[in-house]
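*Asks:* This is the structure, below, for whatever I ask next.
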Amino acid sequence: MKEELRTFGYLCPKCGKQVLGSRSMFTLTAGSTDVFCDCGESILHVEFDGEKYRLYVPCGLCGETHTALCGADRVLHGATALGCARTKQFCCFIGEEGTVEKNLRELAILAEKEKQHTDDTEEAFADNVIMYEVLSELKEIAARPDGITCACGSTGYGMDIRRSAVDLVCRTCGAKLRIPAATDRDLDDLCCHMKLVIPGR
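The opening residue of the sequence shown carries number 515 in our numbering; numbering runs sequentially from there.
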């Protein structure tokens with residue numbers, strides 16, 4: 515008679531790969547066992563004390579390792595899913611191979627969507643509207659005679675645009691004048707200036 519196998523599945527937080535590992539009932543009741551990712555950077559560790567299982571699950575959603583305590587029945591029979599406390603999503607599946615594979619595929623799709631959403635919502639600037647207004651105001655100041663100069667006497671300058679500020683950099687001496695560009699007050703302060711002078715070196 516073929517011994518029943520239990521399959522464990524998780525997403526590797528390092529390489530993002532779907533990791534599946536099947537273990538026999540004998541192995542699971544004999545002590546501890548590990549399921550490794552091929553990249554060698556994550557391990558699902560399972561310990562059994564004779565009554566309960568303690569699992570250390572690498573989480574492909576938040577990047578941390580979660581600890582779960584399960585009764586023997588949950589690990590050895592039926593289908594079980596373990597959750598990520600931070601994202602409130604399942605991050606590990608235990609059960610028959612086909613069921614675990616299906617759930618893991620869906621988890622991989624979810625993780626990819628979450629990653630894309632995070633990338634899309636990360637703004638280039640602290641406040642896009644304020645940054646646009648600050649740059650427009652700087653353009654107006656620069657259009658005035660000697661609108662932007664350096665204390666060293668130079669009128670040549672460049673701009674380094676950062677996430678929440680614009681640096682005016684003198685092309686002659688390299689001195690900088692930082693113009694904050696994150697809040698309404700930053701914009702109001704800039705609008706009070708007819709001219710700007712880089713402090714010089």
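All C-beta atoms, glycine included, are put in the ideal place defined by N, C-alpha and C.
Note the first and the last residue of the continuous beta strand (DSSP E) segment covering Ser538.
*Replies:* 532–538
*Asks:* Sort Arg600, Ala599, Phe604 by Cα distance to Ala593 and report the nearest one.
*Replies:* Phe604
*Asks:* Starting from Asp700, follow the alpha helix (DSSP H) in both directions and report where the run begins and ends.
*Replies:* 698–705
*Asks:* Determine which residues share a DSSP beta bridge with Thr468 and list them.
*Replies:* Beyond the ends of the chain as shown, which are 515 and 715, falls residue 468; an answer cannot be given.
*Asks:* List the endpoints of the continuous alpha helix (DSSP H) containing Met708.
*Replies:* No alpha helix (DSSP H) contains Met708, which DSSP labels as neither H nor E.
*Asks:* Keeping to the same chain, check which residues put their C-beta closer than 7 angstroms to that of Thr686; ignore five residues upstream and five downstream.
*Replies:* So the list reads Cys664, Cys666, Ser668, Gly670, once near-sequence residues are dropped.
*Asks:* Could you work out which residue in Lys629, Asn642, Gln532 is closest to Ser556 when comparing CA atoms only?
*Replies:* Gln532
*Asks:* When the Cβ atoms of the region 613–632 are set against those of the region 673–684, are three or more pairs found closer than 8 angstroms?
*Replies:* Taking 8 angstroms as the limit for Cβ pairs, the verdict is that the region 673–684 does not touch the region 613–632.
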